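Visitor: Structure in C-alpha coordinates, see below.
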Amino acid sequence: MASYKDLSITIPNSWGFTELYRGTKRCLVLSHVRLMTNNDTDGPIVDKSVIIDVDGIIDYKIYGKSVDIHEIKILQNMNDVTSLPVILSKFERMRVCQRVGPVEECFIQRDIAYRTSSNDWHHRL
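So, in C-alpha coordinates, the structure goes:
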(Lines of atoms letter the chains of each structure in order from A and count residues from 1; the text may use other names and numbers.)
(Lines give C-alpha, C1' and ligand atoms only; values in the text may rest on other atoms or scores of the structure.)
Protein backbone atom coordinates (compact mmCIF):
# COMPACT_ATOMS: atom_id res chain seq x y z
CA MET A 1 0.00 0.00 0.00
CA ALA A 2 1.68 3.22 -1.18
CA SER A 3 0.73 6.70 -0.05
CA TYR A 4 0.64 9.58 -2.54
CA LYS A 5 -0.76 13.05 -1.79
CA ASP A 6 -2.31 11.67 1.42
CA LEU A 7 -4.13 8.89 -0.46
CA SER A 8 -3.51 5.19 0.03
CA ILE A 9 -3.06 3.16 -3.14
CA THR A 10 -2.74 -0.60 -3.47
CA ILE A 11 0.16 -1.39 -5.80
CA PRO A 12 1.01 -4.72 -7.46
CA ASN A 13 2.82 -7.17 -5.14
CA SER A 14 5.91 -7.17 -7.36
CA TRP A 15 6.52 -3.46 -6.63
CA GLY A 16 7.90 -1.76 -3.53
CA PHE A 17 7.92 1.91 -2.64
CA THR A 18 9.62 4.58 -0.60
CA GLU A 19 9.23 8.31 -0.19
CA LEU A 20 12.28 10.48 -0.87
CA TYR A 21 13.25 14.04 -1.71
CA ARG A 22 14.69 15.19 -5.04
CA GLY A 23 16.22 18.45 -3.92
CA THR A 24 13.30 20.04 -2.07
CA LYS A 25 10.54 18.15 -3.92
CA ARG A 26 8.94 15.16 -2.25
CA CYS A 27 8.76 12.08 -4.49
CA LEU A 28 7.28 8.63 -4.40
CA VAL A 29 9.76 6.05 -5.72
CA LEU A 30 8.32 2.72 -6.83
CA SER A 31 10.73 -0.12 -7.58
CA HIS A 32 10.38 -3.47 -9.31
CA VAL A 33 12.95 -5.89 -7.92
CA ARG A 34 13.86 -9.33 -9.26
CA LEU A 35 16.46 -11.91 -8.32
CA MET A 36 19.40 -12.47 -10.62
CA THR A 37 21.61 -15.52 -10.28
CA ASN A 38 25.33 -14.96 -10.63
CA ASN A 39 27.85 -17.67 -9.72
CA ASP A 40 25.10 -19.73 -8.04
CA THR A 41 24.15 -16.80 -5.79
CA ASP A 42 20.85 -14.93 -6.03
CA GLY A 43 20.97 -11.17 -5.63
CA PRO A 44 18.25 -8.52 -5.86
CA ILE A 45 18.28 -6.25 -8.93
CA VAL A 46 16.12 -3.14 -9.35
CA ASP A 47 15.28 -3.49 -13.03
CA LYS A 48 12.49 -0.92 -13.31
CA SER A 49 11.50 2.08 -11.24
CA VAL A 50 9.00 4.90 -11.40
CA ILE A 51 9.48 8.26 -9.70
CA ILE A 52 6.45 10.52 -9.19
CA ASP A 53 7.00 14.03 -7.85
CA VAL A 54 4.48 16.21 -5.99
CA ASP A 55 3.49 17.86 -9.27
CA GLY A 56 2.51 14.45 -10.67
CA ILE A 57 5.37 14.25 -13.18
CA ILE A 58 6.39 10.64 -13.78
CA ASP A 59 9.96 9.52 -14.55
CA TYR A 60 10.28 5.91 -15.76
CA LYS A 61 13.66 4.20 -15.36
CA ILE A 62 15.19 0.91 -16.42
CA TYR A 63 18.37 -0.08 -14.60
CA GLY A 64 18.56 3.55 -13.39
CA LYS A 65 18.41 5.07 -16.87
CA SER A 66 15.45 7.30 -17.82
CA VAL A 67 13.22 5.95 -20.57
CA ASP A 68 11.90 8.09 -23.44
CA ILE A 69 8.19 8.10 -22.60
CA HIS A 70 7.21 9.20 -26.11
CA GLU A 71 8.81 6.04 -27.45
CA ILE A 72 6.97 3.73 -25.07
CA LYS A 73 3.69 5.67 -25.18
CA ILE A 74 2.90 5.62 -21.48
CA LEU A 75 1.38 8.19 -19.13
CA GLN A 76 3.73 11.05 -18.22
CA ASN A 77 1.61 12.93 -15.66
CA MET A 78 -0.24 11.50 -12.69
CA ASN A 79 -3.62 13.26 -12.65
CA ASP A 80 -5.59 10.33 -11.28
CA VAL A 81 -3.70 8.32 -8.65
CA THR A 82 -6.14 5.44 -8.95
CA SER A 83 -4.50 4.62 -12.30
CA LEU A 84 -1.13 3.93 -10.60
CA PRO A 85 -1.59 0.12 -10.27
CA VAL A 86 -2.47 -0.11 -13.98
CA ILE A 87 0.54 2.05 -14.93
CA LEU A 88 2.91 -0.11 -12.86
CA SER A 89 1.54 -3.36 -14.30
CA LYS A 90 1.79 -2.03 -17.85
CA PHE A 91 5.37 -0.79 -17.33
CA GLU A 92 6.36 -4.10 -15.69
CA ARG A 93 5.15 -6.06 -18.74
CA MET A 94 6.84 -3.74 -21.25
CA ARG A 95 9.99 -4.89 -22.97
CA VAL A 96 11.85 -1.62 -23.23
CA CYS A 97 15.52 -1.14 -23.93
CA GLN A 98 17.05 1.75 -25.82
CA ARG A 99 20.29 -0.21 -26.28
CA VAL A 100 23.55 0.10 -24.42
CA GLY A 101 26.53 1.99 -25.74
CA PRO A 102 29.81 0.47 -26.89
CA VAL A 103 30.80 -2.49 -24.72
CA GLU A 104 33.46 -5.13 -24.57
CA GLU A 105 31.70 -8.31 -25.62
CA CYS A 106 33.53 -10.39 -23.03
CA PHE A 107 31.73 -8.40 -20.28
CA ILE A 108 28.24 -9.13 -21.59
CA GLN A 109 26.16 -11.62 -19.59
CA ARG A 110 24.30 -13.58 -22.27
CA ASP A 111 21.45 -14.43 -19.91
CA ILE A 112 20.52 -10.74 -19.50
CA ALA A 113 21.47 -9.25 -22.89
CA TYR A 114 21.25 -10.00 -26.59
CA ARG A 115 22.60 -8.49 -29.80
CA THR A 116 20.27 -7.42 -32.61
CA SER A 117 20.94 -7.80 -36.32
CA SER A 118 22.03 -4.15 -36.32
CA ASN A 119 24.76 -5.09 -33.81
CA ASP A 120 23.18 -3.23 -30.84
CA TRP A 121 23.08 -4.81 -27.38
CA HIS A 122 19.75 -4.80 -25.48
CA HIS A 123 18.60 -6.03 -22.05
CA ARG A 124 16.34 -9.06 -21.90
CA LEU A 125 13.57 -7.58 -19.78
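Here this note's numbering is used: the first residue of the sequence shown is 747, the next is one more, and so on.
Even glycine gets a Cβ: it sits at the ideal position worked out from N, Cα and C.
Bear in mind the structure is a predicted one, so any value in this text is a computation, not a measurement.
1) Could you pull the start and end residues of the alpha helix (DSSP H) that isoleucine 833 belongs to?
2) Looking at proline 831 and threonine 783, is the spacing between their C-beta atoms short of 9 Å?
3) Can you give me the Cβ contacts of serine 835 inside the same chain, cut-off strictly under 7 Å, excluding the 5 residues immediately before and after it?
4) Just the Cα atoms here: how many angstroms apart are threonine 787 and histidine 778?
5) Assuming aspartate 826 is part of the beta strand (DSSP E), what are its boundary residues?
6) Distance, Cα to Cα, aspartate 808 vs isoleucine 833?
7) Do asparagine 732 and glycine 802 have their CB atoms nearer than 9 Å?
8) Once DSSP output is grouped into helix, strand and coil, what is the label at isoleucine 815?
9) What is the rounded straight-line gap between the Cα of arginine 772 and the Cα of isoleucine 798?
10) For valine 800, which residues in the same chain have their Cβ closer than 7 Å to its Cβ, ignoring the five residues on either side in sequence?
Guide: Let's see:
1) 830–839
2) no
3) Pro758
4) 19 Å
5) Aspartate 826 -> no beta strand (DSSP E), and no H or E assigned at all.
6) First, the residue type needs correcting, since residue 808 is isoleucine and not aspartate in the sequence shown. If I take the Cα positions, the gap works out to 15 Å.
7) The structure shown does not extend to residue 732, since the chain is modelled only from 747 through 871, so no value can be given for it.
8) helix
9) 9 Å
10) Lys771, Arg772
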